[in-house]
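Engineer:
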Amino acid sequence: RVAFIGGGDSEYTRVKARLCNAVDEGGDAAEQTAARVSGLTAAVALGHTAPVTSGDVVVVTACCGATGSFAVQLAKAAGASVVGTVGSAAKVDAAKQLGVDRVLNYRHESLADVLAAEYPGGV
Numbered sequence: 002r003v004a005f006i007g008g009g010d011s012e013y014t015r016v017k018a019r020l021c022n023a024v025d026e027g028g029d030a031a032e033q034t035a036a037r038v039s040g041l042t043a044a045v046a047l048g049h050t051a052p053v054t055s056g057d058v059v060v061v062t063a064c065c066g067a068t069g070s071f072a073v074q075l076a077k078a079a080g081a082s083v084v085g086t087v088g089s090a091a092k093v094d095a096a097k098q099l100g101v102d103r104v105l106n107y108r109h110e111s112l113a114d115v116l117a118a119e120y121p122g123g124v
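Mapping to my numbering: the sequence shown position 37 is 38, numbers consecutive.
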C-alpha cells in the first residue's frame, strides 16, 4: 500500500513510483495520507512561502490541529517563538506540550490586542 499526494481524490490512479510513500501495513491509509498532507502544507508555508528563521515570532492558528501542530514543531525547530491560538481550555495544555510559547484562547482573549501589547515589533 502506498500514499500519493497530489493525485486528487480517486480510488485508482497511475503515478510514478518515486512520488509514492509506503503506508504502514497496520495503519489507516487515509489517516496516514492526511498526516502527510498536513506536514507538507506546514513545511511549504514555513519553509518556502514565509521562511522562518531563528528569532522570528510566528503565529499559528489552530495550533493543536493537524497542520497547526506540524507548523508549531517546524517553527520551534527553526528557532522561532510561537504564538498559538486555541478555542478551548483543554487545548491550552496540549499547545504547551507542543512547545507553544504563548498560548491564546481566542474565546477569552483578542489576538489583535495580545499581538499589539506583547509583540509591538510585529510577528
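Note that beta-carbon positions come from the ideal geometry of N, C-alpha and C, so glycine has one too.
I think Val87 touches Val93, with their Cβ atoms under 8 angstroms apart; what is that distance to the nearest whole Å?
Structural biologist: Indeed they touch by this definition, with Cβ atoms about 6 angstroms apart.
Engineer: From the DSSP output, which residues share a beta bridge with Leu105?
Structural biologist: Partner(s): Thr86.
Engineer: Compare the beta carbon distance of Val104 and Ala76 with 7 angstroms and say whether it is the shorter of the two.
Structural biologist: For Val104 and Ala76, no; Cβs fall outside 7 angstroms.
Engineer: Check the C-beta distance from Ser39 over to Ala81 and give it rounded, since I have them as a contact under 8 angstroms.
Structural biologist: In fact, because the Cβ distance is near 19 angstroms, the residues do not count as touching under 8 angstroms.
Engineer: Along the chain, which unbroken stretches of the alpha helix (DSSP H) at least 4 residues long are found entirely within the region 32-105?
Structural biologist: Those alpha helix (DSSP H) runs which fall completely within the region 32-105 and span 4+ residues are 67-78, 90-99.
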